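Counting from 9, one number per residue, gives the positions in the sequence shown under the numbering used here. Everything below concerns the one structure shown next.
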Amino acid sequence: MGGNNLSVPLDHAKKTGVLSLQNKKLEKFPEEIFSLRRNLRTLDVSTNRLEELPDDVGVLQMLRTFKLDDNKIGQLPNTIGNLGKLEALHLAGNPLMDWPTSVHRCGNLKHLDLSRCRISVIPDSIKELKKLDYICLSNNRLHDIPEGMCDLKVVEIDLNNNGIAVIPAGLSRNQSLRVLRLDYNTVTCAGIPTEILGSSTISTLSLEGNPLDLRKFREMDGYDKYEGRYAAMKRKCD
């Protein structure tokens, strides 16, 4: 996509701070974007053919929302950690086999979407994302929830469609957590600690498609307390 084709969205972005280049068949990250480094707040280059990001992406320090869904990116440059004002990072549908630890330096990150990647391990260092309130890791290759995730203050965790069998009791320490999605994993009653039901703040525990004995689940210690939280949440939403 040449400079002439970029002129209209670039001119618009100079006025608004928002640049939308989704579904433009981009194979390389356009260098023209760097001319907006002083005012670009939202950048959407999703649904393209990008295989990598240049190191210079770290100069976009005003960026708050970065959408990179459905490209071919295998890893992120370390300079992504220079985006100190970044609040939302969307990377769904990229072949990221390894966890992008460089994002841990994005101290203001609140929303992280790494669904439909190829991630098999979440490092304990995820706890460094202290302002994160939503994380989506559905449709990956995960088998464990690390202890570091228990130290987050997230409101919602989406782990649908993985291979997770055990919910760590430590998640009950997060008194901000309201929604835990674990549909289509391998969770049984033995993998659900009573703390999750009885003493956590989780009001939506989604377990559809797991090999779960529902009768035994409803008879578990703490289930009545979870049911009360769920009912209160439903009343509030109605």
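Ideal Cβ placement from N, Cα and C applies to all residues, glycine included. Here the structure is a predicted model, which means the values were calculated and not measured.
Extent of the continuous beta strand (DSSP E) to which Lys75 belongs: What you label residue 75 is simply residue 67 of the sequence shown in a count that begins at 1. Element bounds for Lys75: 73 to 75.
Distance, Arg189 Cα to Tyr234 Cα: For the purposes of this step, residue 234 is identified with residue 226 of the sequence shown, where counting begins at 1. For the purposes of this step, residue 189 is identified with residue 181 of the sequence shown, where counting begins at 1. Cα to Cα, Tyr234 sits roughly 15 Å from Arg189.
Could you name the residues of the same chain whose beta carbon sits closer than 6 Å to that of Cys144, not counting the 5 residues immediately before and after it, in chain order? Translated into the one-based positions of the sequence shown, residue 144 becomes position 136. Correct list, in chain order: Asp121, Ser123, Asp166.
Start-to-end residues for the alpha helix (DSSP H) that takes in Leu222: The residue labelled residue 222 in the question sits at position 214 within the sequence shown. Counting along the chain, the alpha helix (DSSP H) containing Leu222 begins and ends at 222 to 226.
Residue burial classification, His20 (beta-carbon count within 10 angstroms, cutoff 16): Residue 20 sits at position 12 when you count from the first residue of the sequence shown. It is exposed - the Cβ of His20 has fewer than 16 other Cβ atoms within 10 Å.
Nearest candidate by alpha-carbon position, reference Lys118, set Ser128, Ala96, Thr109, Leu104: Here residue 118 corresponds to residue number 110 of the sequence shown, with the count starting at 1. Across the set Ser128, Ala96, Thr109, Leu104, the C-alpha of Ala96 shows the shortest separation from the C-alpha of Lys118.
Distance between Arg113 and Thr87 (C-alpha atoms, nearest Å): One-based indexing of the sequence shown puts residue 87 at position 79. One-based indexing of the sequence shown puts residue 113 at position 105. Rounded to the nearest angstrom, the two C-alpha atoms are 9 Å apart.
Between the alpha carbons of Cys197 and Glu216, how many angstroms are there, rounded? Taking the first residue of the sequence shown as position 1, residue 197 is located at position 189. Taking the first residue of the sequence shown as position 1, residue 216 is located at position 208. Taking the straight line from one Cα to the other gives about 13 Å.
Buried or exposed: where does Asp132 fall if 16 or more other Cβ atoms within 10 Å of its Cβ makes it buried? Here residue 132 is taken as the residue at index 124 of the sequence shown, counted from 1. Burial call: exposed.
If you measure between the beta carbons of Thr194 and Ala173, is that distance less than 8 Å? Here residue 194 is taken as the residue at index 186 of the sequence shown, counted from 1. Here residue 173 is taken as the residue at index 165 of the sequence shown, counted from 1. Contact flag set, yes.
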